[in-house]
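Q:
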Amino acid sequence: MNTRTLTYLYEHLEETEPAPRYDGNVAYHTKRVVNRWELMRWKVKEICHRKKYKNYHHCHNYVLAVQNLGSRHVTIKNPHIPVDDIDTELRPLILKCGGLPKVIVSVADYLAQHFNWQEKAKILNDKFVDNLMTWPEFASLADLFSWMHSYLGALPEPVRQHVAYLLIFPGQSSIRRRRLLMRWVAEGYSRDDGSYTANENAEEHFSKLVQLSMVHRPLLTSITNMRMVSYEVSNIFHEYMVTRPPQENIATAIEVFELQGICSPTSRRRGRHLVIGESWDRDQIVFKNIDFSRLRSLTVFGKWKKFFISESMKVLRVLDLEDALDVTDKDLQNILKLLRRLKFLSLRGCSGIKYLPSSVGELRQLQILDVRYTKIRVIPTSITNLKKLQYMRVGQSVPTVDRSAPRTVTFKVSELRRCLQVVGVEVMSGIGELTALHTLGVINIGVAGGKVILKELRKLTQLRKLGVSGVSKKNVKELSSAILCHSRLESLSVWLNKHSQVCFKKNKHSQDFMDGMFPENTNETSGPEIKLQSLQSLKLYGLGDKLPKWIKQLDNLRKLVLEMTELSEDAISSLRDLKVSILRLCIKQLPGGKLNFCLKLHGGHLLCCFETVKVLEISCCSSLDVTFGSKSLQNLELLKASCGSGSGSVMKFSGIEHLSELKEVQIKGSNDSTLKKDVEGQIFRLKNNPILNME
Numbered sequence: 019m020n021t022r023t024l025t026y027l028y029e030h031l032e033e034t035e036p037a038p039r040y041d042g043n044v045a046y047h048t049k050r051v052v053n054r055w056e057l058m059r060w061k062v063k064e065i066c067h068r069k070k071y072k073n074y075h076h077c078h079n080y081v082l083a084v085q086n087l088g089s090r091h092v093t094i095k096n097p098h099i100p101v102d103d104i105d106t107e108l109r110p111l112i113l114k115c116g117g118l119p120k121v122i123v124s125v126a127d128y129l130a131q132h133f134n135w136q137e138k139a140k141i142l143n144d145k146f147v148d149n150l151m152t153w154p155e156f157a158s159l160a161d162l163f164s165w166m167h168s169y170l171g172a173l174p175e176p177v178r179q180h181v182a183y184l185l186i187f188p189g190q191s192s193i194r195r196r197r198l199l200m201r202w203v204a205e206g207y208s209r210d211d212g213s214y215t216a217n218e219n220a221e222e223h224f225s226k227l228v229q230l231s232m233v234h235r236p237l238l239t240s241i242t243n244m245r246m247v248s249y250e251v252s253n254i255f256h257e258y259m260v261t262r263p264p265q266e267n268i269a270t271a272i273e274v275f276e277l278q279g280i281c282s283p284t285s286r287r288r289g290r291h292l293v294i295g296e297s298w299d300r301d302q303i304v305f306k307n308i309d310f311s312r313l314r315s316l317t318v319f320g321k322w323k324k325f326f327i328s329e330s331m332k333v334l335r336v337l338d339l340e341d342a343l344d345v346t347d348k349d350l351q352n353i354l355k356l357l358r359r360l361k362f363l364s365l366r367g368c369s370g371i372k373y374l375p376s377s378v379g380e381l382r383q384l385q386i387l388d389v390r391y392t393k394i395r396v397i398p399t400s401i402t403n404l405k406k407l408q409y410m411r412v413g414q415s416v417p418t419v420d421r422s423a424p425r426t427v428t429f430k431v432s433e434l435r436r437c438l439q440v441v442g443v444e445v446m447s448g449i450g451e452l453t454a455l456h457t458l459g460v461i462n463i464g465v466a467g468g469k470v471i472l473k474e475l476r477k478l479t480q481l482r483k484l485g486v487s488g489v490s491k492k493n494v495k496e497l498s499s500a501i502l503c504h505s506r507l508e509s510l511s512v513w514l515n516k517h518s519q520v521c522f523k524k525n526k527h528s529q530d531f532m533d534g535m536f537p538e539n540t541n542e543t544s545g546p547e548i549k550l551q552s553l554q555s556l557k558l559y560g561l562g563d564k565l566p567k568w569i570k571q572l573d574n575l576r577k578l579v580l581e582m583t584e585l586s587e588d589a590i591s592s593l594r595d596l597k598v599s600i601l602r603l604c605i606k607q608l609p610g611g612k613l614n615f616c617l618k619l620h621g622g623h624l625l626c627c628f629e630t631v632k633v634l635e636i637s638c639c640s641s642l643d644v645t646f647g648s649k650s651l652q653n654l655e656l657l658k659a660s661c662g663s664g665s666g667s668v669m670k671f672s673g674i675e676h677l678s679e680l681k682e683v684q685i686k687g688s689n690d691s692t693l694k695k696d697v698e699g700q701i702f703r704l705k706n707n708p709i710l711n712m713e
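Below you can see the structure in the form of structure tokens.
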């Protein structure tokens, strides 16, 4: 969307949807809906008239408000329908509307006229865009689809290619930003030029898609200056592009074709990018009739079959099996045997893979290798043959979150549980020869030969992201020396070994060795704030009850993740002035079960603290009692909290009404109606009317 589009939407809302009157005696939900309507209309007007709109991110409040518009509209038209039923039933349909108020209002108008609106919603949801374009009840949307047709047709060819690439991924799904960018690099859709690397150009291409509103942050996520891990494709744009006839289908820009449902054998299936959908019936006869002579990428969703690999795939560059089911070690051996020209290989989430064959060293063109969330324990020595390798993600941790659950209500997997499952992979000497690497981890430096590996890490001068496990008192100095050689390092993840964690429980002073990882400043020209000035993300797992002193010196840090046995008041106080946007705390237990963000001077005066934090995530294995002060976390937009599900675990929040910028609260691990009522009472006082989600 651009300014002209927003102006059009605003004018439509002004003409057709006057703001509902607010009666001071109505229920909490009605007040929230009315205020959201006013907030949405004010935000659109401000953006249009002051011309502040630059991209989707600047319209965040507007998008939040739009989500509730459909439910509100149905309620006004048919007040006998329970509000909770509407929110539950209509959510998938409203999300398909892509945040466009005119579409939401039209859909709500249609459903509100029918007693059997739930059945009508299901029918409408099937072939959603086709139904909107052909049903007479939605004739008012004709100009919108005419605009979309012109909009897509006017895109420059390079942009059309990147937009078309989005059709490889299913609608209403999240796409990891790094996954998409690395595929572009491997396939040549992003190249080096005289000024920028292929990776930098890929970031620029992706930014353009965000500006065009083709992709956006998941709804109900906070806006920070950190790059998001995952994005979503605009649902209505995605379905519109998929349903176009061949002569105007944007997929032809890069020759995308897919297998879905039940297909008939035909020799006409050919192209550069094959997508095997989860719904396809895996008919081997159909597959053998495909022309693979020009196939550049193969992406599989759902179950893998061994016949998916063919000797005729001579020019295949990308094999993306992320989260595919039933992939075995034997399948991987066959892949490495037949597909020697691969540049991108992802087995991420393929838990059936237990080892990486030495034949991986024959993939001399390989640039991206992602085998995270597999059971691979050792990387073979032959990996050193891959001189073009830029990106290697390894590690045995298995995600415990349900990937199919809606991202708007699904919590990030408990960091505490996830971290305890992480086991770094053992790499052999020679890793220093892979000088093109910019992303590496998680590697285990606590095994025999770990110090040799740390010395070799110094040679990898292009590193931007590093993850290491097995850190202990014995190797922390060597790790420090290796890290301080990388002035461009942007992300660092460190897992302490289990022995160190046991020592912390017996002797709280045993973790002081972490202070020596980066010694404190002695003059103006030394210290981590000089040598690690590019570091934006730091994750420390397995700490005791103390924080390393050098954390306070990382002035450019924007994301901090801490997994600790215990979080003391002194530790939380030491973080108060950090300029981070995202703060994630994974605590085994809290002193007295309390976590206090209300910090005071000795005279009793409240301190302004955590001023830049926009996302706060807290997970605790025991009870959780959180207090917010009137001068703390004044820019917080998203609060996530979870606690253990044991019988003695309780959760409590105080001072939420002080969080003036709060947009959403997510609580996991408690369905206590008293807690829900208490939190609702606190957020009721906030001007933004934050959304509350509880699991």
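In this text, residue positions in the sequence shown follow our numbering: the first is 19, and each later residue adds one.
Each residue gets a CB set at the ideal place from its N, CA and C atoms; glycine is no exception.
#1: Identify the residues that DSSP records as bridge partners of Met259: which are they?
#2: Can you give me the Cβ contacts of Leu452 inside the same chain, cut-off strictly under 6 Å, excluding the 5 residues immediately before and after it?
#3: Use the C-beta contact count for Thr261: other C-beta atoms within 10 angstroms, 16 or more gives buried, fewer gives exposed.
#4: What separation, rounded to the nearest whole angstrom, lies between the Cα atoms of Ser164 and Pro174?
#5: Given that a residue counts as buried once 16 or more other Cβ atoms are within 10 Å of its Cβ, and exposed if not, what is Tyr80?
#6: Given a threshold of 16 other Cβ atoms within 10 Å of its Cβ, counted over all protein chains shown, does Ser726 qualify as buried or as exposed?
#7: Thinking C-beta only, is Asp349 closer than 8 Å to Gly367?
#8: Suppose the cutoff is 6 Å on Cβ atoms and the five residues either side in sequence are ignored; what does the same chain contact list for Leu150 look like?
#9: Using a Cβ-Cβ cut-off of 6 Å (strictly less than) and excluding sequence neighbours within five positions of Gln383, which residues of its own chain qualify?
#10: Using only the alpha-carbon positions, how far apart do Leu357 and Glu584 sit?
#11: Got a sec: does the ligand FAD put a non-hydrogen atom nearer than 7 Å to the Cβ of Ser637?
#12: Between Ser315 and the rest of its own chain, which residues show a CB-CB distance below 6 Å, the 5 nearest in sequence each way excluded?
#13: In this structure, how does DSSP classify Ser164 when only helix, strand and coil are distinguished?
#14: Does DSSP classify Asp341 as helix, strand or coil?
#15: Do you know whose CA, among Thr399, Ile386, Lys393, lies nearest Ser2's CA?
#16: Over the uninterrupted alpha helix (DSSP H) stretch that includes Gly468, give me the two end residues.
#17: Check Lys649 in the structure and name its three-state DSSP category.
#18: Below 8 Å on the Cβ atoms is my guess for Ser640 versus Ser667; work out the distance and round it to an integer in Å.
#19: Helix, strand or coil for Gly673? Go by DSSP, reduced to three states.
#20: Once DSSP output is grouped into helix, strand and coil, what is the label at Leu184?
#21: Can you pull the DSSP bridge partners for Gly316?
#22: Under DSSP, the beta strand (DSSP E) around Phe362 begins and ends at which residues?
#23: Which residue comes first and which comes last in the beta strand (DSSP E) that contains Phe275?
#24: Would you list the residues sitting across from Ser555 in a DSSP beta bridge?
#25: Are the CB atoms of Leu656 and Glu682 nearer to each other than 8 Å?
#26: Can the beta-carbon of Ser721 be found less than 8 Å from the beta-carbon of Phe646?
#27: Counting C-beta neighbours from all protein chains within 10 Å, is the total for Lys632 16 or more, i.e. buried, or is it exposed?
#28: In terms of residues, what are the limits of the alpha helix (DSSP H) holding Arg594?
#29: Report the option in Pro154, Thr399, Phe255, Ile193 whose CA atom is closest to the CA atom of Leu169.
#30: Candidates Val412, Arg235, Gly534: which alpha carbon is nearest Leu365's?
#31: Would you list the one or two residues that DSSP bridges to Asp533?
#32: How is Tyr214 classed by DSSP in three states: helix, strand or coil?
#33: Where does Thr583 sit, in a helix, a strand or coil, going by DSSP?
#34: Return the chain-ordered list of same chain residues with a C-beta closer than 7 Å to the C-beta of Ser592, the five sequence neighbours on each side being excluded.
#35: Report the partner residues of Lys145 according to the DSSP bridge assignment.
#36: Considering only residues of the stretch 345–411, which uninterrupted beta strand (DSSP E) runs meet the minimum length of 3 residues and lie entirely inside it, listed in chain order?
A: Looking at the coordinates:
#1: DSSP lists no partner for Met259.
#2: Leu407
#3: exposed
#4: 18 Å
#5: Caution applies to Tyr80, whose pLDDT of 41 falls short of 50 and renders its modelled position unreliable; the value that the coordinates give is listed next. By the neighbour-count rule (16 or more Cβ atoms within 10 Å), Tyr80 is buried.
#6: The structure shown does not extend to residue 726, since the chain is modelled only from 19 through 713, so no value can be given for it.
#7: no
#8: Phe156, Leu159
#9: Arg359, Lys361
#10: 49 Å
#11: Only the bare structure without any ligand can be found here, which leaves the ligand FAD out of the picture.
#12: His291, Val336
#13: helix
#14: coil
#15: Past the boundaries of the shown model lies residue 2; the chain is included only from 19 to 713, so the question cannot be answered.
#16: 468–475
#17: coil
#18: 6 Å
#19: coil
#20: helix
#21: The displayed chain sequence assigns Leu, not Gly, to residue 316. Answer by DSSP bridge pairing, in chain order: Leu292, Leu337.
#22: 362–364
#23: 274–277
#24: Ser509, Lys577
#25: yes
#26: This structure cannot settle anything about residue 721, because the visible part of the chain is limited to 19 through 713.
#27: buried
#28: It is not in any alpha helix (DSSP H) - Arg594 carries neither H nor E in the DSSP assignment.
#29: Leu is not the amino acid found at residue 169; the sequence shown has Tyr there. Tyr169 has its Cα closest to that of Phe255, out of Pro154, Thr399, Phe255, Ile193.
#30: Val412
#31: According to DSSP, Asp533 bridges with nothing at all.
#32: coil
#33: strand
#34: Leu565, Lys570
#35: For Lys145, which the question treats as bridged, DSSP gives no partner whatsoever.
#36: 362–364, 386–388, 409–411
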